[in-house]
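Numbering (my numbering), first residue to last: 65 to 214. For every residue, glycine included, the Cβ atom is placed at its ideal position computed from N, Cα and C.
#1: Determine the closest residue to residue 176 out of 140, 164, 159 and 115, with distance taken between C-alpha atoms.
#2: Let me know if residue 68 comes out buried or exposed under the rule of 16 or more other beta-carbons within 10 Å of its beta-carbon.
#3: Quick check on the burial criterion: 16 or more other C-beta atoms within 10 angstroms. Buried or exposed for residue 92?
#4: Within its chain, find whatever has a CB closer than 6 Å to the CB of residue 148; leave out the 5 residues flanking it on each side and keep chain order.
#5: What does the alpha-carbon distance come out to for the pair residue 103 and residue 182?
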């Protein structure tokens, strides 16, 4: 992780930023080349915990039709969903906030992405548990959706 954070991202992220800036400046959003550096930078950002920037660039990669990094045999939507929801589960279990990243990705899962039904159901379950935990935190009554004993 340290190598990605300290060596790879400082070296390659500026190239990705330049690539995106040139696309924007020349209004070439329809002319997208396979840009492995762009894809790998996104994966590395997720790896080092830079979720905000990773999600921003990953959404952009989907918008541009950018292929996933070659060594990863998944599509962007599944990769983003799994990565953010795995992170969110750990955060929630430790009592930490999962926002804004959870909601950003959950909206895409619900409205835009075609993921397998079990994956989508798992995301809905996590959203429900998070909502119940919020209710428990702000209410003296235990919500009916919790499985925990009094």
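This is what the structure holds:
#1: Residue mapping note: residue 176 aligns to position 112 of the chain shown, counting from 1. Ranking the options by Cα distance to residue 176, first place goes to 140.
#2: Residue numbering aside, residue 68 sits at position 4 when the chain shown is read from its first letter. So residue 68 ends up on the buried side.
#3: What you label residue 92 is simply residue 28 of the chain shown in a count that begins at 1. Counting Cβ neighbours within 10 Å, residue 92 comes out exposed, since fewer than 16 surround it.
#4: Here the question's residue 148 lines up with position 84 in the chain shown. 165 and 169, listed in sequence order.
#5: Taking the first residue of the chain shown as 1, we reach residue 103 at position 39. Taking the first residue of the chain shown as 1, we reach residue 182 at position 118. Answer to the nearest angstrom: the Cα atoms are 26 Å apart.
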